[in-house]
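One structure below.
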Amino acid sequence: MPEGDTVWLTAHRLNTALTGRMLTRAELRVPALATTDLTGMTVHTVVSRGKHMLTRLDSGLTLRSHLRMDGSWRIVRTGRRWTGGPAHSVRAVLANPQWECVGYRVHDLAVVPTAHEDELVGHLGPDLLGPDWDASEAVRRLLAEPGREIGQALLDQRTLAGIGNMYKAELLFLRGVHPFTPAGEVAALPQLVDLAHRVLYRNKDAPEQSTTGSNRRGENYWVYLRAGRPCRRCGAVIQGADQGSPPYQRPAFWCPNCQPAGPASAAVPGPRAARGPGR
0 MPEGDTVWLT AHRLNTALTG RMLTRAELRV PALATTDLTG MTVHTVVSRG KHMLTRLDSG
60 LTLRSHLRMD GSWRIVRTGR RWTGGPAHSV RAVLANPQWE CVGYRVHDLA VVPTAHEDEL
120 VGHLGPDLLG PDWDASEAVR RLLAEPGREI GQALLDQRTL AGIGNMYKAE LLFLRGVHPF
180 TPAGEVAALP QLVDLAHRVL YRNKDAPEQS TTGSNRRGEN YWVYLRAGRP CRRCGAVIQG
240 ADQGSPPYQR PAFWCPNCQP AGPASAAVPG PRAARGPGR
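Residue numbers (numbering that gives the first Met the number 0): 0 to 278.
Printed below as a string of structure tokens:
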């Protein structure tokens with residue numbers, strides 16, 4: 000699933016192409032919205048909220064979309080060929096005389112009054128890249144379930160919005176925290192939350208995500224997708240294991256030397272092979 004900074008950048012690009020322009024074409028190709036017509040409405044703004052994108056219209060309506068694992072928005076000059084996949088995978092088209100924004104495999108499409116956006120995103124925690132960012136509230140929510148593994152807690156968008164599996168792995172490595180450590184036992188939780196904000200903010204409009212400071216191919220990450228390979232810092236073999244209960248388990252990656260397991264992290268599953276190419 001895309002990280003919050005990827006969603007922010009997508010929303011920023013949609014905002015540049017659509018805001019202040021009237022929709023001359025607006026197709027929502029999902030059964031629930033097949034008769035919804037947004038044509039003739041002017042886009043007021045496009046913003047991200049965690050991993051959701053909100054397209055606000057001058058009519059007082061908001062269109063919500065979500066990329067999940069496989070969705071994308073492609074922006075092309077009006078009249079040019081679309082290049083994001085087969086036509087049957089298009090779920091939304093928002094166009095004006097200059098640009099066509101085509102949503103391939105976008106999910107959770109919904110239209111609500113802008114005043115009622117909380118029905119769609121009100122459950123989310125503080126947005127790491129939003130104007131409502133509140134570090135102290137994020138820490139409070141992380142500590143609301145002190146026995147919950149920190150790796151799982153960071154992925155819960157109700158706690159803080161914007162962290163995906165890549166940033167979970169990388170942030171915990173940078174702070175020396177084992178992913179199976181209970182949240183209540185993370186000694187420097189405010190510093191971890193502050194680091195999350197700084198790293199996502201730094202990467203939000205960068206051409207490539209990087210947590211190592213290098214954008215060279217294969218050097219972007221410390222531990223993410225690198226199980227079985229040597230730690231870039233100490234040389235120990237990076238470990239990987241599923242974290243969470245089916246069907247919501249996600250892979251965790253850590254260095255056993257740089258992120259030692261504490262007493263409460265003793266029940267860590269055995270290592271497994273990395274998923275995907277090592278990086």
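Beta carbons: idealized from backbone N, C-alpha and C, even for Gly.
- When only Cα atoms are considered, residue 56 and residue 41 end up about 6 angstroms apart.
- Looking at the DSSP output, residue 148 sits in a beta bridge with 181.
- Taking the CA atoms as reference points, residue 71 sits about 42 angstroms from residue 262.
- Where residue 171 is concerned, the enclosing alpha helix (DSSP H) starts and stops at 164 to 174.
- Apart from the 5 residues on each side of it in sequence, residue 51 sits with its Cβ closer than 8 angstroms to the Cβ of 6, 63, 64, 65, 107, 119, 120 and 123 in its chain, given in chain order.
- For residue 87, there is no enclosing beta strand (DSSP E), as DSSP marks it with neither H nor E.
- The region 142 to 160 and the region 169 to 189 touch, with no fewer than 3 CB-CB distances between them shorter than 8 angstroms.
- The beta carbon of residue 113 sits closer than 6 angstroms to those of 55, 59 and 61, all from its chain and outside the five residues before and after it, given in chain order.
- The beta-carbon distance between residue 192 and residue 138, rounded to whole angstroms, is 5 angstroms. This is short enough to meet the 8 angstroms contact definition.
- Counted as a single uninterrupted DSSP element, the stretch harbouring residue 200 is not any beta strand (DSSP E) but the alpha helix (DSSP H) occupying residues 188 to 202.
- DSSP places residue 43 within a strand segment (E or B) once states are collapsed to three.
- Within the same chain, 221, 222, 253, 254, 257 and 258 come within 7 angstroms of residue 172 by CB-CB distance, once the 5 residues on both sides are set aside.
- With contacts defined by Cβ atoms closer than 8 angstroms, residue 91 and residue 23 do not form a contacting pair.
- The DSSP-derived three-state label of residue 125 is coil.
- For residue 152, the closest alpha carbon among the candidates 183, 128 and 67 is that of 183.
- Taking the Cβ atoms as the reference, residue 126 lies roughly 5 angstroms from residue 160, within the contact range of under 8 angstroms.
- C-alpha of residue 128 to C-alpha of residue 34: approximately 34 angstroms in a straight line.
- Residue pairing by DSSP places residue 258 opposite no residue, since no beta bridge is assigned to it.
- Cα atoms of residue 136 and residue 130: separation of roughly 14 angstroms, rounded to the nearest angstrom.
- Of the candidates 240, 226 and 241, the residue whose Cα lies closest to the Cα of residue 234 is 226.
- The beta carbon of residue 47 sits closer than 6 angstroms to the beta carbons of 6, 7 and 10 from its chain, once the five residues preceding and following it are set aside; these are given in chain order.
- For residue 56, the enclosing beta strand (DSSP E) stretches over residues 51 to 56.
- For residue 3, the three-state secondary structure derived from DSSP is helix.
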